[in-house]
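Chemist:
Residue numbers (this note's numbering), protein chains in the order written: chain A, 9 to 122; chain B, 27 to 141.
1) Please classify residue 86 of chain B: is it buried, with 16 or more other beta-carbons within 10 angstroms of its beta-carbon, or exposed?
2) Run down chain A in chain order and give the residues with a C-beta less than 7 Å from the C-beta of residue 131 of chain B.
3) Quick one: give me the first and last residue of the beta strand (DSSP E) that residue 124 of chain B is part of.
4) Around the C-beta of residue 35 of chain B, are 16 or more other C-beta atoms found within 10 angstroms, so that it is buried, or is it exposed?
5) Between the Cα of residue 126 of chain B and the Cα atoms of A:118, A:117, A:72, A:64, which residue gives the shortest distance?
6) Put residue 64 of chain A into one of helix, strand or coil per three-state DSSP.
7) With 7 Å as the C-beta to C-beta threshold (strictly closer), list the residues of the segment 103 to 116 of chain A near chain B in chain order.
8) Since residue 85 of chain A sits in a beta bridge, which residues does DSSP pair it with?
9) Check each candidate in B:31, B:28, B:65 and name the one with the smallest Cα separation from residue 114 of chain A.
10) Using a cut-off of 7 Å between C-beta atoms, extract the partners of residue 123 of chain A located in chain B.
11) For a test of the three-state rule: what should DSSP assign to residue 12 of chain A, helix, strand or coil?
12) By the criterion of Cβ-Cβ separation under 9 Å, what are the contact partners of residue 97 of chain A in chain B?
13) Relative to the C-alpha of residue 40 of chain A, which residue among A:47, A:28, A:70, A:78 is closest?
14) Cβ closer than 9 Å: which chain A residues qualify as neighbours of residue 61 of chain B?
15) Within 8 Å of any Cβ in chain B, is that where the Cβ of residue 64 of chain A sits?
16) At least one CB of chain A closer than 8 Å to the CB of residue 103 of chain B: is that the case?
17) I'd like to know if the segment 85 to 102 of chain B and the segment 84 to 101 of chain A are in contact, where contact means that at least 3 CB-CB pairs between them fall below 8 Å.
18) Alpha carbon to alpha carbon, how far is residue 45 of chain B from residue 89 of chain B? Give it in angstroms, no decimals.
19) Does the CB of residue 88 of chain B have a neighbour CB from chain A at under 8 Å?
20) Answer yes or no: do residue 37 of chain B and residue 137 of chain B have a C-beta to C-beta separation smaller than 8 Å?
21) Would residue 121 of chain B and residue 108 of chain A be called neighbours here (beta carbons separated by less than 8 Å)?
22) Check residue 54 of chain B in the structure and name its three-state DSSP category.
23) Exposed or buried, residue 23 of chain A, counting other C-beta atoms within 10 Å across all chains shown (16 or more means buried)?
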């Protein structure tokens, strides 16, 4: 069974450009989470969805960040416009019916904004 | 306030030594879960264990063992007879019912096992 799939694995862009990160959760999982990992702040939860509905976006740093989940098998995290301080590894994770279950993480997208 | 504290930033050992990673958590909740994740140099996050607040039984899985003590709010992790492949960053995490089970991660402990 495939795990969480993220694309692209690496993204290099210039400041001001729009960036879209993609995630396909594990089939049948009801919860999807977006995290950001930086040296300074560690692993931070940005937003999570339950059955495609955003539940808590309090971790989204600012209006330049947005996330959608149009269906159970696909989510996007968009940054527009991107800034150098957005450089980080972005992880997507999913879990089953109970949010307290273990979360399974994708391989991450390493974003570099020049 | 930091909910999960991993006081050890880095640990370096020689192969076959045992290594214990400390994790102290803070919560007002009675229902919560504790986790350990491993992040090897390749970067992915690998789930190792989940323990709920009502189960203080220690667990052993191969060379890994976990000691959960509610009295000291600790969930420590021991690798016995370490191997080079154990070199990674290890994260302890907490999810609480009162916080809708959102995961709060510690800062991580980098373990380096030298041959």
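Note that the Cβ used here is the ideal one computed from N, Cα and C, for glycine as well.
Modeler: The relevant details are as follows:
1) exposed
2) By Cβ distance, chain A contributes 50, 51.
3) Unbroken run through residue 124 of chain B: none, as it is neither H nor E.
4) Exposure of residue 35 of chain B is indicated by the presence of fewer than 16 other C-beta atoms within 10 angstroms of its C-beta.
5) A:64
6) In the three-state reduction of the DSSP assignment, residue 64 of chain A falls in the strand class, which pools E and B.
7) 107, 108, 110, 111, 112, 113, 115, 116
8) A:29, A:75
9) The candidate whose alpha carbon is nearest that of residue 114 of chain A is B:65.
10) With chain A represented from 9 up to 122, any question about residue 123 of chain A goes unanswered, as that position is not in the structure.
11) coil
12) 69
13) Of A:47, A:28, A:70, A:78, the residue nearest in Cα terms is A:78.
14) 110, 111
15) yes
16) Under the 8 Å criterion on CB atoms, residue 103 of chain B is classed as non-interfacial with respect to chain A.
17) no
18) Annotation: residue 89 of chain B to residue 45 of chain B spans about 11 Å, alpha carbon to alpha carbon.
19) no
20) Cβ atoms of residue 37 of chain B and residue 137 of chain B: closer than 8 Å.
21) The answer is yes: Cβ separation under 8 Å.
22) coil
23) It is exposed - the Cβ of residue 23 of chain A has fewer than 16 other Cβ atoms within 10 Å.
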